[in-house]
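Engineer: Structure incoming, see below.
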Amino acid sequence: MRRALLTATRDSLPTHVANKLRCTSCHLDEGRRENGTWIGVFARYPQYRARSGMVETIEYRINDCFRRSMNGTALDPAGADMRDIVTYLAFLSRDVAVAPPAPNTRLQKWAAFTADRAAGARVFAASCAKCHGTAGEGTPGAPPVWGAESYNIGAAPPPNSSAATCRSMRRARCPIARRSISPRTSTRTRDPIIGARRTIGHAAIHHPMSPIPHGLTTRRLRMYRRGFLGRLAATAAAGVAGLTPLRLEGQPRPEPTTGADASFETWLNRINGKHKMIFDAPEPNSGMPVVWPRVWLNGNNENYGTKDADNSAVIVLRHAAIPIAMHDALWAKYKLGEVFNIKDGDAPAVRNVFAKVLPLPLPGTGIEALLATGAQVGCCNVALSVYSGVVAQKMGMDAAAVKADWVAGLLPGVQVVPSGVLAVARAQEKGCGYCFAG
């Protein structure tokens with residue numbers, strides 16, 4: 039049973055895995071392969087990891103794989119499934135001394151090569167397609183490397199990994215590539231994301247190594263990220279007919295000087311402070327989206343003699359963080375605490391627990407206080423559409439009416455932005471530094 043959780047992860051833990059990957063998609067030979075080995079891992083934890091900036095337990099590290107590599111949800115750290123996985127890792131690590139892994143510069147060496155999509159396409163067709171499918175969609179014997187069923191944000195690659203580093207990691211874990219593809223050739227292996235795209239829709243929306251963090255999962259509505267993305271693709275497909283494949287070559291066209299949404303452009307033009315920072319929040323993250331802006335404002339004020347109004351703190355609430363922007367009445371009416379798995383004490387929240395000042399030795403936190411001091415808050419229209427539609431379906435209500443109610447119930451001063459990712463990008467074009475807050 040312990041080994042089955044790792045070799046047939048999706049079948050064993052279907053509510054915790056949202057793609058078609060399994061633990062042994064990366065950790066080959068049941069965790070015994072040199073690259074990505076589990077041998078000795080148990081002996082090295084707890085350990086500090088730069089990604090989280092904290093000392094992690096082995097249970098936390100395993101859950102990082104479930105949240106990131108398998109685009110799913112965390113196991114109960116004290117539950118039976120976690121105990122079984124840790125027991126198997128301990129079994130593999132028996133008699134292994136506590137020590138850091140041996141130094142290895144292989145990834146850095148491979149990452150130094152320049153990618154070549156044309157050469158990569160040939161290598162992919164000759165060496166990869168036989169197992170992973172001609173479009174990387176996966177086969178019964180090999181996991182998908184492209185599309186919604188492979189979507190993940192990677193627990194292993196360090197933050198800001200180069201594309202070449204990520205490709206070299208793929209080679210290190212590919213049984214055939216290890217024998218038939220040289221390191222130099224493998225760095226040119228076709229990246230299905232930046233190479234030719236065959237479709238527009240569910241599979242073409244996502245980059246398997248996207249930096250977008252995994253969002254909250256709604257257990258009651260079974261709203262996994264794949265459901266969010268599938269509904270998003272279906273919504274787009276319903277309104278657009280006769281889509282044609284994307285052209286690879288650039289098509290010259292006049293660039294618009296302003297966007298179609300005048301209120302969004304006005305909101306962007308308010309980003310004119312002496313210091314500017316965008317706080318990107320795809321999840322509530324225990325309230326950090328309404329704490330870190332306060333920390334940043336205080337730091338500027340104390341060190342540079344500014345006032346809140348002199349600086350531009352821009353908070354973008356997208357994906358599962360959108361309830362932060364809503365009135366208490368919406369939380370109660372639509373049971374948003376249940377929908378987004380947000381607790382108030384031990385029970386699902388029925389009020390906006392992020393609206394008022396948080397119980398911290400840091401005055402001025404909370405979304406209402408930040409808005410009052412001039413912070414700009416944007417709420418993702420795409421997430422509003424998708425989540426309101428899911429809630430409407432669950433409650434037997436009209437989707438358009440529910441979305442209209444959500445928009446009307448946003449806190450005063452919150453701007454609906456076309457999409458959260460667009461707002462994050464445009465704010466940086468306005469000169470904002472970037473802070474990931476979710």
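The working numbering numbers the first residue of the sequence shown as 39 and each following residue consecutively. Glycine included, C-beta positions come from ideal geometry on N, C-alpha and C. This structure is a prediction, so every number in the text was calculated from the model and none was measured.
Could you tell me the distance, in whole angstroms, from the CA atom of Asp-114 to the CA atom of Met-120?
Structural biologist: For the purposes of this step, residue 114 is taken as the residue at position 76 of the sequence shown. For the purposes of this step, residue 120 is taken as the residue at position 82 of the sequence shown. About 7 Å.
Engineer: Identify the residues that DSSP records as bridge partners of Ser-315: which are they?
Structural biologist: In the sequence shown, counting from the first residue as 1, residue 315 sits at position 277. Correcting the residue identity first, residue 315 is Met in this sequence and not Ser. In DSSP, Met-315 forms a bridge with Ala-351 and Gly-471.
Engineer: Could you give the distance in angstroms between the alpha-carbon of Arg-60 and the alpha-carbon of Ala-167?
Structural biologist: Indexing the sequence shown from 1 puts residue 60 at position 22. Indexing the sequence shown from 1 puts residue 167 at position 129. When rounded, the distance between both Cα atoms is 19 Å.
Engineer: Could you give the C-beta distance for Ala-470 and Met-315, rounded to a whole number, given that I count them as a contact under 8 Å?
Structural biologist: Translated into positions along the sequence shown, residue 470 becomes position 432. Translated into positions along the sequence shown, residue 315 becomes position 277. According to the sequence provided, residue 470 is Cys. The question's Ala does not apply to it. Going by Cβ atoms, the distance from Cys-470 to Met-315 rounds to 6 Å, so yes, they are a contact pair.
Engineer: For Lys-381, which three-state DSSP category applies?
Structural biologist: Counted from its first residue, the sequence shown places residue 381 at position 343. Three-state result, Lys-381: strand.
Engineer: In whole angstroms, give me the CA-to-CA distance for Asp-384 and Asn-336.
Structural biologist: Mapped onto the sequence shown, residue 384 falls at position 346. Mapped onto the sequence shown, residue 336 falls at position 298. Taking the straight line joining both Cα atoms gives about 32 Å.
Engineer: Assuming Ile-360 and Ala-421 are in contact, meaning their beta carbons sit under 8 Å apart, how far apart are those beta carbons, in whole angstroms?
Structural biologist: Here residue 360 refers to the residue found at position 322 of the sequence shown. Here residue 421 refers to the residue found at position 383 of the sequence shown. With 8 Å as the limit, Ile-360 and Ala-421 qualify as a contact, their Cβ atoms being about 5 Å apart.
Engineer: Which residue from Ser-188, Ala-88 and Asp-318 puts its Cα closest to that of Gln-466?
Structural biologist: Taking the sequence shown and counting its residues from 1, the one referred to as residue 466 is at position 428. Of the candidates Ser-188, Ala-88 and Asp-318, the one whose C-alpha sits nearest the C-alpha of Gln-466 is Asp-318.
Engineer: The beta strand (DSSP E) with Val-415 in it runs from where to where?
Structural biologist: For the purposes of this step, residue 415 is taken as the residue at position 377 of the sequence shown. Its beta strand (DSSP E) spans residues 414 to 418.
Engineer: Are the CB atoms of Arg-99 and Tyr-86 within a distance shorter than 8 Å?
Structural biologist: Taking the first residue of the sequence shown as position 1, residue 86 is located at position 48. Taking the first residue of the sequence shown as position 1, residue 99 is located at position 61. The answer is no: Cβ separation not under 8 Å.
Engineer: Report yes if the C-beta distance between Ala-363 and Leu-374 is below 8 Å; otherwise report no.
Structural biologist: In the sequence shown, counting from the first residue as 1, residue 363 sits at position 325. In the sequence shown, counting from the first residue as 1, residue 374 sits at position 336. The answer is no: Cβ separation not under 8 Å.
Engineer: Which ranges does the alpha helix (DSSP H) cover as unbroken runs of at least 4 residues, wholly within the region 47 to 107, from first to last along the chain?
Structural biologist: Secondary structure within the region 47 to 107: the alpha helix (DSSP H) runs of 4 or more consecutive residues, fully enclosed, are 47 to 50, 61 to 64, 66 to 69 and 96 to 102 (chain order).
Engineer: As a quick exercise: from Ala-370, Leu-398, Pro-399 and Leu-306, pick the residue whose alpha carbon is nearest that of Gly-458.
Structural biologist: On the sequence shown, position 420 is the one that residue 458 refers to. Looking at the Cα atoms, Leu-306 is the closest of the given residues.
Engineer: Where Phe-80 and Thr-125 are concerned, what is the direct C-alpha to C-alpha distance, given to the nearest angstrom?
Structural biologist: The sequence position of residue 80 within the sequence shown is 42, counting from 1. The sequence position of residue 125 within the sequence shown is 87, counting from 1. Looking at the two C-alpha atoms, the distance is approximately 9 Å.
Engineer: Pro-331 by DSSP, collapsed to three states: which one?
Structural biologist: On the sequence shown, residue 331 is found 293 positions in, with the first residue counted as 1. Three-state result, Pro-331: helix.
Engineer: Could you tell me the alpha carbon to alpha carbon distance between Gly-311 and Met-435, rounded to whole angstroms?
Structural biologist: Here residue 311 refers to the residue found at position 273 when the sequence shown is read from its first residue. Here residue 435 refers to the residue found at position 397 when the sequence shown is read from its first residue. For Gly-311 and Met-435, the distance between alpha carbons rounds to 43 Å.
Engineer: Under the three-state reduction of DSSP, which class applies to Arg-216: helix, strand or coil?
Structural biologist: Looking up residue 216 in the sequence shown gives position 178. Confidence is the limiting factor: at Arg-216 the pLDDT is only 45, short of 50, which leaves the residue's position unreliable, though a coordinate-based value still follows. Of the three classes helix, strand and coil, the one that applies to Arg-216 here is helix, per DSSP.
Engineer: Hey, is the region 343 to 353 in contact with the region 401 to 419, meaning 3+ C-beta pairs nearer than 8 Å?
Structural biologist: yes
Engineer: Just the Cα atoms here: how many angstroms apart are Met-433 and Ser-165?
Structural biologist: In the sequence shown, the residue the question calls residue 433 occupies position 395. In the sequence shown, the residue the question calls residue 165 occupies position 127. Cα to Cα, the separation comes out at about 49 Å.
Engineer: Give the range of the beta strand (DSSP E) segment to which Val-452 is assigned.
Structural biologist: In the sequence shown, counting from the first residue as 1, residue 452 sits at position 414. Going by DSSP, Val-452 is part of the beta strand (DSSP E) stretching over 452 to 455.
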